[in-house]
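Peer 1: Dropping the structure in here first, questions after.
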Amino acid sequence: MSRYIPATAEERRRMLEYLGADSMDTLFSGIPEKVRQKNPPRLPDPLSEPEMVRDLRVLAGRNRNADDLPCFLGAGVYDHFIPAAVDSIVSRGEFTTSYTPYQPEVAQGTLQSIFQYQTMVCELTGMEISNASMYDGATAAAEAAVLAASSTKRKKILWGRNVNPQTREVLKTYCWSRNLEFGELPAENGRIDHAALEKMLAGGDTAALVVQSPNFFGNIEDLKTLGEAVHGAGGLFIVSTDLLALGILEAPGKLGADIVVGDGQSVGNPMNFGGPAFGFIAVNKPLMRKMPGRICGQTVDGKGRRTFVLTLQAREQHIRREKATSNICSNQNLCIVAASVYLSLMGPGGLRETGEQILAKTAYTVDQLEKTGKFRRAFNGVPSFRETVLLCDEPVADLNRRLLDAGIIGGYELEPEYPRLKNGWLVAVTENRTKEEIDRLAAVAGGDA
Amino acid sequence: MSRPMETLFEASRAGRVGYALPPLDVPGVDCGEALQGACRENAPRLPEMAEVDVIRHFTGLSRMNYSVDEGFYPLGSCTMKYNPKINEAAARMPGFSRIHPLQPEETVQGALELMYILSDMLAEITGMDAVTLQPAAGAHGEQTGLMMIKAWHESRGDTKRTKIIVPDSAHGTNPASASVTGFDAVEVASDEEGMVDLEALRALMDDTVAGLMLTNPNTLGIFEKHILELTETVHRGGGLVYYDGANANAIMGKARPGDMGFDVLHLNLHKTFSTPHGGGGPGSGAVGVKAELEPFLPAPVIVKKGDRFGLERLKDRPRSIGRVRSFFGNFGVLVRAYTYIRTLGAAGIVEASEMAVLNANYLAKKLSSLYPLAHKGWCMHEFVLNGGPLKHETGVSSLDVAKALIDAGYHPPTVYFPLIVPEALMVEPTETESRETLDRFAEAMEAIAAKARKEGPEAFHDLPVTTPVSRPDETTAARNPILRWQFDENS
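As structure tokens, this is what we get:
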């Protein structure tokens, strides 16, 4: 008998007796005979907890993890430090085992957390309104594109080739399913090619331009100019960014963004093999009632006390059904609680210091690698954050294999996705990397170790 | 429960810190120089707090939440079963939580194997041929499944199928998912028993229908007795049938959607497979398909070659609908679901559904003297009470009953859903509750009905009173939205 079910055999018998049912099967008699399952599912035997732990240790042991190997891989997921206090809070059953806050009187903890999270996203992005979260950065960008199309009543979405390939794949899927068109902009010296953009905007049919900054190569885009260009053509400006980077980078809301999206893994969420973390989306007032997903608002209760509720629900599926602005309901709530704890611990100073350390460590890493004579920067004179593209003397697959043999997770191999970046290597350096680890990376990569 | 709390922004004191970074061990750089003017001008107004302040703040917030760990949560269609603790420990193992999704395949064999086995087990439980774990939630699974239906029709050059049929008893996500996938949602009526009206479906079925979405057992908690006729009607008309797995907790080991004629389905791992709901996610909406839809699955697909696990990427899968989420989905949720199914095994999976159905019928009978049941005969894992007569007799609505239940120490059932039952109270006890819990809940419901008859609606208007706040003014919240903390600009 399962340890998760309290009812004893005797209790089950009595409950059946109370119901006047001969057996469990009687209760399932509503299932037509023809579809009734004859045999139990073929599944492995049940495991006791000690056996389960052993099984999990074997599987986990077949993965090499960033506790053991310094990780210079980024490309959308980053090995940032997470204080123990974060997991201490998100492990609390009151946060973990509660449902969506549809009964606000018994969910003020979750609701206030969402409200505070929304505020922090607004502060970081420079926007007026944030929702309660999206599945991830890629779907947030796709939903933003859909929002822009519905708001401008246009069908074409443009984005740079230097937007994260995972995000671009999701954008393509959503565009296909919503009957939207898209165009991809080439990059010039690692950033959006302005001349190509002007040309593509000339048709006057662009609903939105999606720009990532820092982009997939780590480079910071000239958001102000790009925003002016798309606004001049009557389209909306969608900026995909990173919450941790915004501790040090100018808020996209100050640079003309109409919608700001991105992935929030970098603030307080483990890498988790790519999930769960969360996506964020923020807009200004004109787009408020078109926003996808849940939004928490402040109000008062019958006694005038400050109270938080889910609001503007007339946009949502459980009220509007087929007329909803999106079908999203479950989002990534626990991950935004983690982000809120992280951001509260760090504060503006901690985020700033983290950003500065990343700048310094990235610069040091690039210097050390260049000194080996085997690497050079792919892009020159362009500011970047956390990630840099280096061109190597040897195929990146070979280089990464050598690094792995030396106990280092190397950077991302760009050439399969970007053939023009021959032997291109995207190296991520977070505040978690030490000088010693960076020196070892340079030594192995340079062939001295 | 505690009192309303000050916000982080009120608690913040300039100069406090809750972190410590190691001293910088490489030469510093000038931010303005490095970023060439992309530097932030004004610092974000994030809270400034010491660690103890942060912990007390969030611990205080947590105490304002009701949770499964605290008590009974009979929220219909949400399957708020107990979430085993070993699942949490599993997801936190560094070998799962500290791995990067783009690491070389040979360094993540355990993660790929876990997902491969989980997909297999889910396929076996549901009778489908292949499963993707990429969708992040139930609605995302619906969207993914509908995209595959769309792609399947397109691949046959059949472009006039623009409609998805959805029962009037369906979850709101069904019509919304149809819309966001570019379909028109068309409603099919329920018959007087609460099942899909077969004749009405036949009348709707033509060559503009891409498919039917169905929850079975449906939202009244009853199994569609004409299920084979329903799926056959759609197939004969050239459509495909989608199974919304929100209610799959009723049928594990008892019936498989794959044997009922369904072509594609999603499962909510955060319902049926015990991963915690987290106050609104992260969930996982794994999608299963029959072989004919397998080529359309989102990429990448995890494959086994010999004793190694690898990935088939988008470029190797030309008919794939593409990617619906970054990487592999909510992997941490998948670890929990894997652990749950391995812990239970076949016997435990069947037992879970049996006890879910036994508990539901037991509680339904206990409550049937107070409220008419919306179903006849046995229910499956949940049931719907009709709160209409009580309201008619006493003026006390189902919302009032829900709020009174909060004061009695319970999370209320789902109210006002499904839409086809007036004043609906939808109750799903799940298998993890004991008989005493069900008995006490029934007593609380009796006491509330007695109070309604004796004291009338006025006695309910101010409920709940035991919570940090009482009923919020939702009208003001929507009319004059305050969606973020308002800083005092003068301070």
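Residue numbers (the numbering used here), protein chains in the order written: chain A, 1 to 449; chain B, 1001 to 1491.
The beta carbon of each residue, even a glycine, is placed where N, CA and C say it ideally should be.
The structure displayed is predicted, hence computed values, not measured ones.
Alpha carbon to alpha carbon, how far is A:GLY227 from B:GLN1036? Give it in angstroms, no decimals.
Peer 2: Near 18 Å, if we compare the C-alpha coordinates of A:GLY227 and B:GLN1036.
Peer 1: Hey, B:HIS1141 and B:ALA1286 are a contact pair by Cβ (cut 8 Å); roughly how many whole angstroms apart?
Peer 2: Correcting the residue type first, residue 1141 of chain B is Gly in the shown sequence and not His. About 7 Å separates the two Cβ atoms, so the contact holds.
Peer 1: Could you check what DSSP says for B:MET1001 in three-state terms: helix, strand or coil?
Peer 2: Note that B:MET1001 scores 46 on pLDDT, short of 50, meaning its location in the model is unreliable and no value can be drawn from it.
Peer 1: Using 10 angstroms around the beta-carbon of B:THR1159, count the other beta-carbons present and answer buried if the total reaches 16, otherwise exposed.
Peer 2: The residue in question, B:THR1159, is exposed, as its Cβ has fewer than 16 Cβ neighbours within 10 Å.
Peer 1: Closer than 9 Å by beta-carbon distance: list the chain B residues that pair up with A:HIS318, in chain order.
Peer 2: Going along chain B in sequence order, the residues near A:HIS318 (Cβ under 9 Å) are HIS1171, GLY1172, THR1173, ALA1176 and PHE1417.
Peer 1: Short of 9 Å Cβ to Cβ, which residues in the stretch 1281-1305 of chain B face chain A?
Peer 2: Those would be GLY1281, PRO1282, GLY1283, SER1284, GLY1285, PRO1298 and ALA1299, in chain order.
Peer 1: What are the residues that DSSP puts in a beta bridge with A:SER130?
Peer 2: In the DSSP output, where bridge partners are listed per residue, A:SER130 has A:ALA282.
Peer 1: So, is A:VAL106 buried or exposed, given that buried needs 16 or more other C-beta atoms within 10 angstroms?
Peer 2: A:VAL106 should be labelled buried.
Peer 1: Give the DSSP-derived three-state secondary structure of B:PRO1167 in the structure shown.
Peer 2: B:PRO1167: strand per DSSP, three-state reduction.
Peer 1: Am I right that B:ASP1244 and B:MET1213 are in contact with their C-beta atoms under 8 Å? What's the rounded C-beta distance?
Peer 2: Contact flag correct, Cβ pair sits at about 6 Å.
Peer 1: How long is the line joining the alpha carbons of A:SER340 and A:SER113, rounded to whole angstroms?
Peer 2: Answer to the nearest angstrom: the Cα atoms are 7 Å apart.
Peer 1: Using only alpha-carbon positions, find the residue among B:THR1173, B:ASP1168 and B:ALA1176 that is nearest to B:ASP1191.
Peer 2: Measuring from the Cα of B:ASP1191, the nearest candidate turns out to be B:ASP1168.
Peer 1: Taking buried to mean at least 16 other C-beta atoms within 10 Å of its own C-beta, is A:ALA428 buried or exposed?
Peer 2: By the 10 Å Cβ count, A:ALA428 comes out buried.
Peer 1: Can you pull out the residues from the stretch 326-350 of chain A whose beta carbon lies closer than 7 Å to at least one beta carbon of chain B?
Peer 2: If the cut-off is 7 Å between Cβ atoms, the stretch 326-350 of chain A has SER326, ASN327, ILE328, CYS329, SER330, ASN331, GLN332, ASN333, LEU334, CYS335, VAL341, LEU343, SER344, LEU345, MET346, GLY347, PRO348, GLY349 and GLY350 near chain B.
Peer 1: Closer than 9 Å, Cβ to Cβ, to anything on chain B: give me those residues from the stretch 87-100 of chain A, in chain order.
Peer 2: The residues in question are ASP87, SER88, ILE89, VAL90, SER91, ARG92, GLY93, GLU94, PHE95, THR96, THR97, SER98, TYR99 and THR100.
Peer 1: Mind checking whether B:ASN1268 and B:GLY1138 have CB atoms under 7 Å apart?
Peer 2: Cβ atoms of B:ASN1268 and B:GLY1138: closer than 7 Å.
Peer 1: Using beta carbons (cut-off 7 Å, strictly below), is B:LYS1493 in contact with chain A?
Peer 2: Limits of chain B in this structure are 1001 at one end and 1491 at the other, which puts residue 1493 of chain B out of reach.
Peer 1: Give a yes or no on whether 7 Å exceeds the smallest Cβ distance from B:MET1121 to chain A.
Peer 2: Yes - at least one Cβ of chain A is within 7 Å of the one on B:MET1121.
Peer 1: Whose C-beta lies closer than 7 Å to the C-beta of B:PHE1223 among residues of the same chain, with five residues either side of it excluded?
Peer 2: Cβ within range, chain order: ASN1216, PRO1217 and MET1380.
Peer 1: Quick test of your reading: A:SER330 and B:GLY1281, contact by CB under 8 Å. State the CB separation rounded to the nearest angstrom.
Peer 2: A:SER330 to B:GLY1281, Cβ: 4 Å. Contact.
Peer 1: In whole angstroms, what is the alpha-carbon distance linking B:PRO1084 and A:VAL309?
Peer 2: Between B:PRO1084 and A:VAL309, the C-alpha separation is close to 29 Å.
Peer 1: Compare the C-beta of A:PRO286 with all C-beta atoms of chain B and state if any pair is closer than 7 Å.
Peer 2: A:PRO286 does not count as touching chain B.
Peer 1: B:LYS1163 versus chain A: which residues are under 8 Å apart at the beta carbon?
Peer 2: Within 8 Å Cβ-Cβ: nothing; B:LYS1163 doesn't reach chain A, min ~11 Å.
Peer 1: Return the Cβ separation of A:GLY160 and A:LEU185 in integer angstroms, given the expectation that the two are a contact with Cβ distance under 8 Å.
Peer 2: Yes, A:GLY160 and A:LEU185 are in contact; Cβ-Cβ is about 5 Å, under 8 Å.
Peer 1: Between which two residues does the beta strand (DSSP E) harbouring A:PHE375 extend?
Peer 2: Residues 375-377.
Peer 1: With DSSP run on the structure shown, which of helix, strand or coil describes B:MET1213?
Peer 2: Strand.
Peer 1: Is the distance from the Cβ of A:ASN164 to the Cβ of A:ILE281 below 7 Å?
Peer 2: No, Cβ-Cβ distance for A:ASN164 and A:ILE281 is not below 7 Å.
Peer 1: Note down the Cα distance separating A:ASP68 from A:GLY407, rounded to an integer number of angstroms.
Peer 2: Their Cα atoms are separated by approximately 8 Å.
Peer 1: Is it the case that the Cβ atoms of A:ASN189 and B:ILE1099 are separated by a distance below 7 Å?
Peer 2: Taking 7 Å as the Cβ cut-off, A:ASN189 and B:ILE1099 do not qualify as a contacting pair.
Peer 1: Quick check: what's the CA-CA separation for A:TYR99 versus B:THR1107?
Peer 2: So the alpha carbons of these two residues sit roughly 36 Å apart.
Peer 1: Does the stretch 376-390 of chain A come within contact of the stretch 215-222 of chain A, defined as at least 3 CB pairs closer than 8 Å?
Peer 2: As far as the Cβ criterion goes, the stretch 376-390 of chain A touches the stretch 215-222 of chain A, which means the pair count is three or higher.
Peer 1: Got a sec: is the Cβ-Cβ distance from B:SER1369 to anything in chain A below 7 Å?
Peer 2: No, B:SER1369 lies away from the interface with chain A (no Cβ there is under 7 Å from its Cβ).
Peer 1: Between which two residues does the beta strand (DSSP E) holding A:LYS435 run?
Peer 2: Element bounds for A:LYS435: not the beta strand (DSSP E) but the alpha helix (DSSP H), 435-445.
Peer 1: So A:ILE259 contacts chain B; which residues on that side make the cut at Cβ distance below 8 Å?
Peer 2: Neighbours of A:ILE259 on chain B: none; closest Cβ ~15 Å, over 8 Å.
Peer 1: When you compare only the Cα positions, how much space is there between A:VAL444 and A:LEU403?
Peer 2: Going from the Cα of A:VAL444 to the Cα of A:LEU403 covers about 6 Å.
Peer 1: Under 9 Å, CB to CB, which of the residues in the stretch 54-66 of chain A have a partner in chain B?
Peer 2: Within the stretch 54-66 of chain A, the residues whose Cβ lies closer than 9 Å to some Cβ of chain B are ASP55, LEU56, ARG57, VAL58, LEU59, ALA60, GLY61, ARG62, ASN63, ARG64, ASN65 and ALA66, listed in chain order.
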